[in-house]
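Residue numbers 3 to 308, in the numbering used here, belong to the letters of the sequence shown in order. Glycine residues also receive a C-beta, built at the ideal position from the N, C-alpha and C atoms. A quick note: this is a predicted structure, and the numbers were derived from the prediction, not measured. Each remark here refers to the structure printed beneath this line.
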Amino acid sequence: MSALPLFNFPVSPCQRLESRFFAGLEVWIKRDDLLHQQVSGNKFRKLKYPLQALAGRSPCLVTMGGPWSNHLHATAHAAALLGWRAIGLVRGAPEVQSATLDDCRQLGMHIVCVTREEYRQLRQPDDRWRQHLPAPYFAGADYVWLPEGGSSAAALHGVAELVDEAIDQIRFIPDSIVLACGTGATLAGVLAGLRGRSQAVGIAVLKNADYLYADISRLLQQASYPAHTNYQLLTDYHQGGYGKAPPALRQFCSEFSQETGIAIEPVYTGKVFYALMQMAQSGEWRGGRRVLVLHTGGLQGARGFA
3 MSALPLFNFP VSPCQRLESR FFAGLEVWIK RDDLLHQQVS GNKFRKLKYP
53 LQALAGRSPC LVTMGGPWSN HLHATAHAAA LLGWRAIGLV RGAPEVQSAT
103 LDDCRQLGMH IVCVTREEYR QLRQPDDRWR QHLPAPYFAG ADYVWLPEGG
153 SSAAALHGVA ELVDEAIDQI RFIPDSIVLA CGTGATLAGV LAGLRGRSQA
203 VGIAVLKNAD YLYADISRLL QQASYPAHTN YQLLTDYHQG GYGKAPPALR
253 QFCSEFSQET GIAIEPVYTG KVFYALMQMA QSGEWRGGRR VLVLHTGGLQ
303 GARGFA
């Protein structure tokens, strides 16, 4: 039994995917988009153990993200459901607006806008986030920092659980588990859950993502997992960079959703399935390969492309 009721939910389903886009492949999808109505996908799993460690406290969560951040959105919902306070440090000018930030404010998250340079500095492990706390409004609060994307070492433990869940559901070990890769924490968590079995394949959603190799290694070490290397990081399927969604990708997401009845967005899971289609059509992956794709949720961010 979880220490916090927020995380007492059934496991997400796995389903076989029948689609014309992936001829020759046996494709399954782990529906983490269905874990929770608001706190969905990999954000739900990343938040699970960092937040459970705070049970019995009344913290003020502090974190960071862009105007359409799934992590900000999930953290705001989690804080509201738990009765905690939350502060979001957002990359952008004070007048920046988005449906995501509107939701966060309505849920009680205090939004503080920072410059792009200040935002980059927040990634340094030296508590620079404290410079942006909105004193005196939260004076004396029990501040707890959650890094960008929720990608802490503790987050890996929640992600790792999905691997055995999925294997129990489909009753075999897939040849590959394929997922979107932003900060590297979800991929690192999947590696921890695989424990050397099979292979993880990360589709980088950002340009110039080779730095993720070091981040994945660091996260595994910090979370006390072995230095697993049974993965591929594919860095040529970003479609122009983070948040970029060219017309062909958007059209694919629309056609995929119409055919399968499964909603995807073009920032994360849409890029994964688009890359999988390209690899299937090019013959890069042999016929008969059994693939499990992780649907990491984040559908709220698709509103930015409306």
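Supposed contact pair Val180 and Val274 - C-beta distance, whole angstroms, cut 8 Å: Yes, Val274 and Val180 are in contact; Cβ-Cβ is about 6 Å, under 8 Å.
With 16 as the cutoff for other CB atoms within 10 Å, does Gly58 come out buried or exposed? When all chains shown are included, Gly58 counts as exposed.
CB-CB under 6 Å to Gly289, same chain, minus the five flanking residues each way: which ones, in chain order? Answer for Gly289: Gly26, listed in chain order.
When DSSP labels each residue in this structure, what does His134 get in the three-state scheme? In the structure shown, His134 sits in a helix (DSSP, three-state: H, G or I).
Which of the three DSSP states, helix, strand or coil, is assigned to Leu49? In the structure shown, Leu49 falls within a helical segment according to DSSP collapsed to helix, strand and coil.
What is the DSSP secondary structure of Ser256, reduced to helix, strand or coil? Here Ser256 sits in helix by DSSP.
Ordered along the chain, which non-local residues of its own chain (more than five positions away) have a Cβ less than 8 Å from that of Leu251? Excluding residues up to 5 positions away in sequence, Gln241, Pro268, Gly272, Lys273, Tyr276 lie with their Cβ nearer than 8 Å to the Cβ of Leu251 in the same chain.
Between the stretch 45 to 53 and the stretch 197 to 209, do three or more beta carbon pairs fall short of 8 Å? Per the Cβ contact rule, the stretch 45 to 53 is not in contact with the stretch 197 to 209 (fewer than 3 Cβ pairs under 8 Å).
Check for me: the alpha helix (DSSP H) holding Met111 runs from which residue to which? Careful: Met111 lies outside any alpha helix (DSSP H) and carries neither H nor E.
For the candidate residues Met111, Val165, Tyr213, whose alpha-carbon lies nearest to that of Val293? Val165 is the residue among Met111, Val165, Tyr213 whose C-alpha sits nearest the C-alpha of Val293.
Using DSSP's beta-bridge definition, name the partner residues of Leu294. DSSP, once it has assigned bridges, lists Trp30, Ile179 as partnering Leu294.
Taking a contact to mean a Cβ-Cβ separation below 8 Å, would you say Ala247 touches Phe174 in this structure? Contact: no.
For Ala225 and Leu296, believed in contact at Cβ under 8 Å, the rounded distance: For a cut-off of 8 Å, the C-beta gap from Leu296 to Ala225 is around 18 Å, too long to register as a contact.
Indicate the three-state DSSP secondary structure (helix, strand or coil) for Leu91 in the structure shown. Here Leu91 sits in strand by DSSP.
With a 10 Å radius around its C-beta and 16 neighbouring C-beta atoms as the bar for buried, classify Glu150 as buried or exposed. That one is buried.
Going by DSSP, name the residue or residues bridged to Ile205. Per DSSP, the beta bridge partners of Ile205 are Ala182, Leu236.
Which one of Lys32, Leu8, Val13, Ser14 has the shortest CA to CA distance from Ser178? Of the candidates Lys32, Leu8, Val13, Ser14, the residue whose Cα lies closest to the Cα of Ser178 is Lys32.
Within the same chain, show all residues whose beta-carbon is closer than 8 Å to that of Leu186, passing over the 5 residues directly before and after it, in chain order. Sequence check: residue 186 is Gly here, not Leu. Answer for Gly186: Ser153, Gly204, Leu214, Asp217, Ile218, Leu221, listed in chain order.
DSSP on Val269, reduced to helix/strand/coil? In the structure shown, Val269 sits in coil (DSSP, three-state: anything other than H, G, I, E or B).
For Leu236, collect the residues of the same chain with a Cβ closer than 8 Å to its Cβ; drop the 5 residues on either side in sequence, then sort them by chain order. Within the same chain, Leu236 has close Cβ partners Val203, Gly204, Ile205, Ala206, Ala277.
Thinking Leu124 and Pro69 are a contact (beta carbons under 8 Å), I'd like their distance in whole angstroms, please. The beta carbons of Leu124 and Pro69 sit about 15 Å from each other, so the pair does not count as a contact at 8 Å.
At the level of alpha carbons, what is the spacing between Met281 and Tyr233? Their Cα atoms are separated by approximately 16 Å.
Per-residue DSSP class, three states only, for Gly68: In the structure shown, Gly68 sits in coil (DSSP, three-state: anything other than H, G, I, E or B).
Count the other CB atoms within 10 Å of the CB of Ser2; is the residue buried (16 or more) or exposed (fewer)? Because the chain spans 3 through 308 in this model, residue 2 falls outside it and cannot be assessed.
State buried or exposed for Gln302, treating a residue as buried only when at least 16 other CB atoms are found within 10 Å of its CB. By the Cβ neighbour-count rule, Gln302 is buried, with 16 or more other Cβ atoms within 10 Å of its own.
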